[in-house]
RNA sequence: GGGCGGGUAACUCAGUGGUGAGAGUGCCGUCCUCACACGGCGGAAGUCGGGAGUUCGAAUCUCCCCCCGCCCACCA
């Protein structure tokens, strides 16, 4: 055996880091904003700086990387814009937790020191996820890496805020918002997760001032009664007609509450009366507005009852609820308590129960922008793929409400608004004003709130490219080609980028939005730390190699489905990487002295013709698949071809030529082999960058990176239908003989003879290319028989119209052969019956398209012929065994 | 309450246009044949969740039902 430069098995750890450094050093990820090549751009969904690479990132970025590498190899000018998100609340929480471990809280530090501390934290840990992305092979243009809080992006944020404010689309208003008493901030509606909970429905009696029974109201949150300023009934509710306009007494606080009539009240629910708490419920707030009821906030920002709560002041909301229920019961106001399932809002960052509360906040009026965003998709300016997500997108935008963008945290973009302490003027500006624009006072205080983290994310496609400057980047790369993301942030991010992009760039931010699945564990559960079912991508990469991992993700990324990751599957694809490795090893062992000629000789041998022809079909399929985001299709086509056509058939078929001494033939085949392998490597590179790069450099004639090699395009001149047809006969005959050998327990090393009988069109193929069959089926000879000369004692088979015989004089097990033929026949019969039934059906004959009928007739004939032959073979066998 | 996705071989999943049910893993048999045992060759294995309908023909289209998962929603 010749020596090989390659080890026997692929060792990922030995090559991955080397090639990543090579790519970076060669500057291959760099996009050229001045290039004249067609541009292809993707902005990364910026991972949180707090983040560790998880399966979601791994899938998301693998898919992006596949697209980018593929397009680059097609000669396009690819920009993959990377960066990270400051992730306001999430990051602040992480650093606060760290402080807590030191026995500190942020208030002790003060705002400035705390922010410094977060920046420090970011310096230390913020790069982690970037390095993990590199490990994954991500070919981002790192020279352009951005952070949502860096100088340029912060300016873009201010510019957008100021502009929207002056357009009247950002305003400040007193509203019921969602308040997280743990994060101590307002949240947008989207940031509240409703969860089904087992709660209680309390029936409370509010007596009349004259001491009579009054009204019974129902509530799930009895502590809010302290903020009640009225009781509402339906105007047409006969039961309560006499109460309207009168008063009832609020127990415990003995406040008089007006009874009002409002159509919002549902007569069917509970008792048909509604306690109105304008400061702690959005509907109540509206009712209060309609009827001029005061709004009394009874809780502070931390969820502790305030002075308005009278005797309950200072209690947290939970113990207050308990105490109130106790007191009401003690005083006879608690009528009844029922168990009640209902949905309760939780903070999406810390899972604390949300408190709806009246508060002055900043809002974006989004209706107009939402309309434009819907129109853009409706008009096809942006495609959402798979299409089913369009519906969700439209539904959300249709029902959208103004977006609360102010957060009472410290980490984030501080709202560029200043309040004059002397005249209450509000000044919104890019830079800090020197004095009040109305009263010239210089006693100005900046708004302490920061912006929702998603506000800056919404600008990502253009802020990362230098907006508001008119940059070459924007000119070349905006709108971006595609956005690749999970459906969990369709509303948070995608819809908002559409709004902002359309508003400020007057153009959609992306042509396509590809929505991929969520990664779950093998049981279909969402991976989470608390469930302990997290599979760490880094561990997987250590264990199986990055390429096997990426291939698995691609193979799993069927559209519109969850991805259930199983390690077994990854292991399977590690085997595939190894298979590719060994195919290359084999190739290299047999290419000694071969120079890459660059020109493929016209292939003459069937194996070469066939392989090259198939390769064109594969190249076509892979491109089509990647163009339409069918990553799994690309992966499976490549897997199938590489393993089961190239390795199993082609490599086996060319061995005699490679080992033989016909130099001319050998050289020709060597060139074809080299071309085949080289093409496979290039086709696989977007999915498996490392192993393909490593192997690429071992092949003769390759100087630079495979990253900049041409992606194979189908070459019509290499398509050889006739060759494929001939090969298919050769393969079928080979398989049939192998089947006989296997089933009849012929020793693998033993050589047998085989002969065929049939029409010349087929026998000529078999005889011309018989050497392949002889070799692959281990035959000592392959011959023709004439009619009437069929061998007596032989195992037999039928391939198309060919009868095939393997004489086994003396060793033929008649029983076994009988069983084998019966099996073949029984496989055929139902199929044949189906075809017969169809063809005797007048309706089928008259209504089905002619080509379908023809096809069916053809099938019947084919199967019928085959069956006849098999039966004849069986008969003969039976007769023979009777004699024997 | 509204909507979406899924239920195909023991397991995990493909099946994009209606016309002969596929892959990987696992399983059985066999072979350590000079690229690869992370391998080769051969084999077994599915009433395509249930029911009805449309059609010449349905895993695929329509309707109903069951089960699983998800999203949205202001009945206190």
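In my numbering, the protein residues as written are 337 to 1220.
In this text, a Cβ means the ideal position worked out from N, Cα and C, and glycines have one as well.
Assumed close pair residue i, residue j - CB separation to whole angstroms, cut-off 8 angstroms
{"i": "residue 429", "j": "residue 686", "result": "7 angstroms"}
{"i": "residue 595", "j": "residue 569", "result": "6 angstroms"}
{"i": "residue 581", "j": "residue 627", "result": "Not confirmed; about 11 angstroms, so no contact."}
{"i": "residue 542", "j": "residue 586", "result": "6 angstroms"}
{"i": "residue 1223", "j": "residue 751", "result": "Any question about residue 1223 goes unanswered here, given that the chain covers just 337 to 1220."}
{"i": "residue 557", "j": "residue 673", "result": "13 angstroms between Cβ atoms; not a contact."}
C-beta atoms of residue i and residue j nearer than 7 angstroms
{"i": "residue 623", "j": "residue 600", "result": "yes"}
{"i": "residue 778", "j": "residue 758", "result": "no"}
{"i": "residue 386", "j": "residue 426", "result": "yes"}
{"i": "residue 608", "j": "residue 573", "result": "yes"}
{"i": "residue 653", "j": "residue 639", "result": "yes"}
{"i": "residue 469", "j": "residue 397", "result": "yes"}
{"i": "residue 936", "j": "residue 1011", "result": "yes"}
{"i": "residue 855", "j": "residue 391", "result": "yes"}
{"i": "residue 697", "j": "residue 513", "result": "yes"}
{"i": "residue 849", "j": "residue 870", "result": "no"}
{"i": "residue 1222", "j": "residue 961", "result": "Nothing about residue 1222 can be reported from this structure: the residues present for the chain run from 337 to 1220 only."}
{"i": "residue 700", "j": "residue 506", "result": "yes"}
{"i": "residue 1019", "j": "residue 1048", "result": "yes"}
{"i": "residue 891", "j": "residue 910", "result": "no"}
{"i": "residue 791", "j": "residue 814", "result": "no"}
{"i": "residue 1030", "j": "residue 341", "result": "no"}
{"i": "residue 1199", "j": "residue 1164", "result": "yes"}
{"i": "residue 755", "j": "residue 764", "result": "no"}
{"i": "residue 406", "j": "residue 913", "result": "no"}
{"i": "residue 1208", "j": "residue 1135", "result": "no"}
Spatially closest choice to residue i from the options, by CA coordinates
{"i": "residue 1145", "options": "903, 468, 1089 and 408", "result": "1089"}
{"i": "residue 1224", "options": "1079, 1192, 545 and 373", "result": "Within the shown structure, residues of the chain are numbered from 337 to 1220, placing residue 1224 beyond reach of any answer."}
{"i": "residue 1153", "options": "532, 1177 and 1214", "result": "1214"}
{"i": "residue 356", "options": "476, 802, 1004 and 671", "result": "476"}
{"i": "residue 1157", "options": "464, 650, 440 and 1132", "result": "1132"}
{"i": "residue 420", "options": "382, 1086 and 395", "result": "382"}
{"i": "residue 483", "options": "688, 423 and 1112", "result": "423"}
{"i": "residue 532", "options": "544, 1217 and 676", "result": "676"}
{"i": "residue 933", "options": "969, 1038, 1016 and 978", "result": "1038"}
{"i": "residue 633", "options": "616, 1065, 620 and 1062", "result": "616"}
{"i": "residue 812", "options": "957, 1025, 374 and 602", "result": "374"}
Exposure label - residue i; buried when at least 16 CB within 10 Å
{"i": "residue 836", "result": "buried"}
{"i": "residue 501", "result": "buried"}
{"i": "residue 1190", "result": "exposed"}
{"i": "residue 353", "result": "exposed"}
{"i": "residue 367", "result": "buried"}
{"i": "residue 923", "result": "buried"}
{"i": "residue 605", "result": "exposed"}
{"i": "residue 748", "result": "buried"}
{"i": "residue 560", "result": "buried"}
{"i": "residue 408", "result": "buried"}
{"i": "residue 1202", "result": "buried"}
{"i": "residue 339", "result": "Bear in mind that a pLDDT of 44 at residue 339, under 50, signals an unreliable position, so the model cannot answer this."}
{"i": "residue 370", "result": "exposed"}
{"i": "residue 720", "result": "buried"}
{"i": "residue 1194", "result": "exposed"}
{"i": "residue 796", "result": "buried"}
{"i": "residue 377", "result": "buried"}
{"i": "residue 986", "result": "buried"}
{"i": "residue 801", "result": "buried"}
{"i": "residue 995", "result": "exposed"}
Runs of beta strand (DSSP E) wholly within the region 547 to 573 (minimum 3 residues, chain order): 551 to 555 and 566 to 569
Report the start-end ranges of each alpha helix (DSSP H) in the region 432 to 509 that is 4 residues or longer and not cut off at the edges. The region 432 to 509 contains these whole alpha helix (DSSP H) runs: 442 to 445, 447 to 461, 464 to 471 and 487 to 502.
Taking only runs of the beta strand (DSSP E) that begin and end inside the region 752 to 821, which ones reach a length of at least 3 residues, in chain order? 753 to 756, 762 to 764 and 780 to 782
Quick check for students: name the residue ranges of the beta strand (DSSP E) that lie wholly in the region 663 to 733, counting only runs of 3 or more. 670 to 683, 691 to 700 and 719 to 721
Return the chain-ordered ranges of every alpha helix (DSSP H) run that is complete within the region 980 to 1014 and spans a minimum of 4 residues. 988 to 995
Tell me the start and end of each unbroken beta strand (DSSP E) in the region 1135 to 1193 that is at least 3 residues and wholly inside, in chain order. If we require 3 residues or more, the beta strand (DSSP E) runs fully inside the region 1135 to 1193 come out as 1138 to 1143.
Which runs of the beta strand (DSSP E) spanning at least 3 residues fall entirely within the region 607 to 653, listed in chain order? The region 607 to 653 contains these whole beta strand (DSSP E) runs: 609 to 612.
For the region 828 to 908, list the beta strand (DSSP E) runs that are entirely contained and at least 3 residues long, ordered along the chain. 846 to 852
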